[in-house]
Amino acid sequence: MKKVKLFYAANKNMGDELSKVIVEELFHLKVEKKITVSSDLFAIGSILDGTVFNKKAPAQSVVKMILGRTNRTPVYIWGSGFITNDTEGPFFYRKNIRFRAVRGKLTQQKAEDILGEPIQPMYGDAGILASELVKKELPIEKKYKWGIIPHFVDKNHPAVETLRENLPNSFVIDVRNEPKDVIREIAKCEYVLSSSMHGLIIADSLNVPNHHIVITDKVIGDNFKFRDYYSAFGLEHHFTNIVENDWAIFSEKFMKETYEVTENMVEKMKEDMKNSFPKELLND
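Quick note on the UniProt record's numbering: the sequence shown kicks off at 1 and runs consecutively.
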């Protein structure tokens, strides 16, 4: 099996774990985890901020700049995004950076601002391919009316338990479980409420209507990554702060009226992500 040097964050986070599994299982590559300046591929995650010269950490950035600028091998961006609109930098560490897909239009704009030239990537987060990992098991029988997916920084907030206690037949899904287990659990739900972006994306992949809930201000980026993801569909980002709003707002009627991602949108993003995967990494 051919190897690929993939960058992903060290945290046991759903998006980072999913990145490795999707690259290995759907594209039949053996993943080697590498740092930003020596990787071949950036995939799922808000990880592009770490590829840009950081004026606030000049010593660390100079080391990365030297290592990155002397590495002339291509690095491919496949569905990655920025985490915040505040990222500024005169340049990317890697000179030979090739944008095959970015998470959304906001990431495209930031990349173009840094590069000083236009790019023409596909739009999408590779997490949209999550359903492909359990394709042989689909359809999975519904077991829960509501799936509640807190971002790991929100997991212990009392509002999560309030939702679980009050929404009928609801189940809290831990995003730090194994990726395929999380996918299966989401597939068992009729509706999903999630403060984790990849909880929402996996639900989209499975055509499970979902809604972004905000629980705390601990999720970094002021919703930039969410706005970025929905821009790929040409949609506005909508969310509900469940600390400031009553849980009773959530109903089947609410979900049908607010969920705008269609099956056709999802299928197009899946095809775009498959087609934009860098073929250079597949060929010997």
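For every residue, glycine included, the Cβ atom is placed at its ideal position computed from N, Cα and C.
**Request:** Just list the alpha helix (DSSP H) runs in the segment 156-230, keeping only unbroken ones of 4 residues or longer that don't cross its boundaries, in chain order.
**Result:** 158-166, 179-187 and 197-205
**Asked** Which of the three DSSP states, helix, strand or coil, is assigned to LEU26?
**Response** helix
**Prompt:** Using the C-alpha atoms, what's the distance from ILE148 back to GLU178?
**Reply:** 17 Å
**Item:** Nearest-angstrom beta carbon gap, LYS145 and PRO118 [assumed within contact, 8 Å]
**Value:** With 8 Å as the limit, PRO118 and LYS145 do not qualify as a contact, their Cβ atoms being about 46 Å apart.
**Prompt:** Are three or more beta carbon pairs between the segment 70-90 and the segment 33-49 nearer than 8 Å?
**Reply:** yes
**Request:** May I ask whether a heavy atom of the ligand FMN can be found less than 7 Å away from the beta carbon of TRP247?
**Result:** Judged by which ligands are present, the structure shown has none, so any question about the ligand FMN falls away.
**Message:** Within the continuous beta strand (DSSP E) that includes PHE99, where are the two ends?
**Reply:** 97-102
**Prompt:** Given that a residue counts as buried once 16 or more other Cβ atoms are within 10 Å of its Cβ, and exposed if not, what is VAL266?
**Reply:** buried
**Message:** Could you check whether GLU32 and LYS2 sit closer than 8 Å to each other, using their CB atoms as the reference points?
**Reply:** no
**Request:** Along the beta strand (DSSP E) that carries THR36, what are the first and last residues, could you check?
**Result:** Where THR36 is concerned, there is no enclosing beta strand (DSSP E), given that its DSSP letter is neither H nor E.
**Request:** State the DSSP-derived secondary structure class of MET1, mapped to helix, strand or coil.
**Result:** coil
**Backbone secondary structure at THR258 - three-state DSSP** = helix
**Request:** Quick one: using the 10 Å Cβ neighbour count with 16 as the cut-off for buried, is SER276 buried or exposed?
**Result:** buried
**Asked** Counting Cβ pairs closer than 8 Å, one from the segment 207-223 and one from the segment 186-198, do we hit at least three?
**Response** yes
**Prompt:** In chain order, what residues of the same chain lie with their CB nearer than 6 Å to the CB of VAL5, ignoring the 5 residues before and after it?
**Reply:** The identity of residue 5 in the sequence shown is Lys, whereas the question assumes Val. The residues are GLU32, LYS34, SER39 and ASP40.
**Item:** Whole-angstrom distance between TRP78 and ALA159, CA atom to CA atom
**Value:** 35 Å
**Asked** If you count every other CB in all the chains shown that lies within 10 Å of the CB of GLN108, and 16 or more means buried, which is it?
**Response** buried
**Prompt:** For the beta strand (DSSP E) that LYS143 lies in, which residues bound it at each end?
**Reply:** LYS143 -> no beta strand (DSSP E), and no H or E assigned at all.
**Asked** Does the Cβ-Cβ distance between GLY124 and ASP272 come in under 8 Å?
**Response** yes
**Message:** Quick check on GLY79: does DSSP put it in helix, strand or coil?
**Reply:** strand
**Request:** Measure the beta-carbon distance from LYS142 to GLU190 and round it to whole angstroms, keeping in mind my assumption that it falls under 8 Å.
**Result:** 6 Å
**Message:** With DSSP as the reference, identify every bridge partner of GLU32, one or two as the case may be.
**Reply:** LYS5
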